[in-house]
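Asker: Sending over a structure as structure tokens; questions will come in a sec.
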Amino acid sequence: MKLGLSIIGSGPSLHGRLSLLFPHNGLSTGQHLSDAFVQVNPLKKVPALKDGDFILTESVAILLYLTHKYKVPDHWYPQDLQTRARVDEYLAWQHTTLRRNCLRALWHKVMLPNFLGEQVSPKTLEDTMAELDVTLQLLEDKFLQNKDFIVGPHISLADLVAITELMHPVGAGCQVFQSRPKLAAWRQRIEAAVGKDLFQEAHEVILKVKNTPPADPTIKQKLMPGVLAMIQ
């Protein structure tokens, strides 16, 4: 989400009016479960956006809100009816497919054993990686095809959301792009479109996730129910 805000923003004035509440480092300490954050989002989920007195949750809703509020280049969320529908199609698909399987790979491979101290069986990890591989093939065959970006020759919100999810298993040490030259080239085009420095800044935390220290037992107790529900 930090990536999306930075790209869509229209200069310093944006940051004076908007607050994007996404406490990356705070997730490991359970800050999103605190009473203060619950006042922002009763669902206890990040990110959340505060625009004056207006509070919005859910990452896709936040991205769409920003595109409507600010004069962003058309390619992010095209005015053309059918091209926009392709962006919407991808955003609707990814919630229960790519996002789910990328998060499962991250948690099964790194976060459950290293952060929460819960061992994952080799069979479970194998099944998780196999399911991720199937989803990556769908991303290539159904959405990317032979195009430069998901909906055509220009980058859109669909690409931002997709690459953000893929960086989760990358952070866990999965070689997502190694045997998929089409996806690897697509990633390079996204990085070129948004700028290498911004791309790296946006994914800095997730790429260091393997260094996350073990959770305090109290934090583990608070986090486990939500984690298990998320990766089912």
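The UniProt record's numbering puts the sequence shown at residues 1 to 232. From the three backbone atoms N, C-alpha and C, an ideal C-beta is built for every residue, glycine too. In this text, all values refer to a predicted model and were calculated from it rather than measured experimentally.
Three-state secondary structure (DSSP) at ALA215?
Answerer: Note: ALA215 maps to coil in three-state DSSP.
Asker: Extract the residue ranges of the alpha helix (DSSP H) inside the segment 152-213, only unbroken runs of 4 or more that lie entirely within it.
Answerer: Listed in chain order, they are 157-171, 181-194, 196-202.
Asker: Keeping to the same chain, check which residues put their C-beta closer than 6 Å to that of LEU207; ignore five residues upstream and five downstream.
Answerer: Cβ within range, chain order: GLY171.
Asker: If you follow the alpha helix (DSSP H) that ASP88 is in, where does it begin and where does it stop?
Answerer: Note, ASP88: alpha helix (DSSP H), 81-94.
Asker: On the CB-based measure, 16 or more other CB atoms within 10 Å of its CB, does HIS68 come out buried or exposed?
Answerer: By the neighbour-count rule (16 or more Cβ atoms within 10 Å), HIS68 is not buried but exposed.
Asker: Go through its chain and collect everything with a Cβ distance to GLU140's Cβ below 8 Å, but skip five positions before and after it.
Answerer: Cβ within range, chain order: ARG180, LYS182, LEU183.
Asker: Hey, out of GLU204, THR135, GLN145, whose CA is closest to MET167's CA?
Answerer: Taking only the C-alpha atoms, the option nearest MET167 is GLU204.
Asker: Enumerate in chain order the residues of its own chain whose CB-to-CB distance from LYS2 is below 6 Å, with the five nearest sequence positions on each side excluded.
Answerer: Because the pLDDT at LYS2 is just 35, under 50, the model does not fix this residue reliably, and the point stays unresolved.
Asker: Could you name the residues that DSSP lists as bridge partners for LEU56?
Answerer: Answer by DSSP bridge pairing, in chain order: LEU49.
Asker: With 16 as the cutoff for other CB atoms within 10 Å, does SER59 come out buried or exposed?
Answerer: Looking at its Cβ environment, which holds 16 or more other Cβ atoms inside 10 Å, SER59 is buried.
Asker: Give me, in chain order, the residues of the same chain whose beta-carbon lies closer than 7 Å to that of ASP148; leave out the 5 immediate sequence neighbours on both sides.
Answerer: Only ARG189 meet the Cβ criterion.
Asker: If we ignore side chains and look at the alpha-carbon of each, how far apart do CYS102 and LEU66 end up?
Answerer: Going from the Cα of CYS102 to the Cα of LEU66 covers about 25 Å.
Asker: Kindly identify the DSSP beta-bridge partner or partners of PHE143.
Answerer: Paired residue(s): none; PHE143 is not in a bridge.
Asker: Considering only the alpha carbon of each residue, which of ILE62, LEU157, MET230, GLN175 lies closest to THR83?
Answerer: Closest by alpha carbon: LEU157.
Asker: Mind checking whether VAL87 and ILE163 have CB atoms under 9 Å apart?
Answerer: Not a contact, by the Cβ cut-off of 9 Å.
Asker: Could you please give me the residues that DSSP links to PHE149 through a beta bridge?
Answerer: Answer by DSSP bridge pairing, in chain order: GLY152.
Asker: By the three-class DSSP mapping on this structure, what secondary structure does GLU118 have?
Answerer: It is coil, neither helix nor strand.
Asker: Are there 16 or more other CB atoms within 10 angstroms of the CB of ASP159, so buried, or fewer, so exposed?
Answerer: Classification for ASP159: buried.
Asker: Alpha carbon to alpha carbon, what distance is there between LEU49 and GLN178?
Answerer: If I take the Cα positions, the gap works out to 35 Å.
Asker: Could you have a look at ILE231 and say whether DSSP puts it in helix, strand or coil?
Answerer: Residue state, collapsed to three classes: coil.
Asker: Would you identify the three-state DSSP class for LYS71, choosing helix, strand or coil?
Answerer: LYS71: coil per DSSP, three-state reduction.
Asker: Under DSSP, the alpha helix (DSSP H) around LEU103 begins and ends at which residues?
Answerer: It spans 98-106 - the alpha helix (DSSP H) in which LEU103 sits, taken as one unbroken run.
Asker: Please report the Cβ distance between PHE115 and PRO225, rounded to the nearest whole angstrom; I am assuming they are in contact, meaning their Cβ atoms lie under 8 Å.
Answerer: About 15 Å; that fails the 8 Å criterion.
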